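With the first letter of the sequence shown counted as 1, position 72 gets the number 72 in the UniProt record's numbering; the numbers rise by one all the way through.
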Amino acid sequence: MTQIAKVVTWVNSARKPLWWRQVIRRVMEHGELQQQDLQLIYQVAKMEFGLFQRTADYPNYIKAVAVAGFEAEAAPVTLASLGNVKMSYH
């Protein structure tokens, strides 16, 4: 298991505050935290503990962190072919 996978497993565990997930997600996506990130994280923490009304985005802030896309592949992935592709226009 890679180090990033260990951190993700740790932060997704049941006994960790849910707002920590948003911290890890932001750091993984941006590499650092900006002032606006800190403000959002503070608001999410207050929502978690009932000190601030939960917004419609709250479930997205506390969802489990995914490691996909943040690990180096052990071997290259090659797409050999595509078949039965159907286009859908909405």
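From the three backbone atoms N, C-alpha and C, an ideal C-beta is built for every residue, glycine too.
Note that this is a predicted model, so its numbers are computed, not measured.
Pick from the options that is closest to residue i, judged by C-alpha positions
{"i": "residue 123", "options": "37, 33, 19, 36", "result": "Nothing can be reported for residue 123: it is not among the residues displayed for the chain, which extend from 1 to 90."}
{"i": "residue 31", "options": "59, 61, 4, 60", "result": "4"}
{"i": "residue 17", "options": "57, 65, 84, 2", "result": "65"}
{"i": "residue 38", "options": "69, 21, 53", "result": "21"}
{"i": "residue 27", "options": "41, 53, 15", "result": "41"}
{"i": "residue 56", "options": "67, 44, 49", "result": "44"}
{"i": "residue 61", "options": "23, 9, 13", "result": "23"}
Backbone secondary structure at residue i - three-state DSSP
{"i": "residue 29", "result": "helix"}
{"i": "residue 5", "result": "helix"}
CB contact check: residue i to chain C, cutoff 8 Å
{"i": "residue 4", "result": "Among the chains in the structure shown there is no chain C, since it carries only a single protein chain."}
Task: beta strand (DSSP E) runs wholly inside the stretch 34–69, at least 3 long, in chain order - done: none
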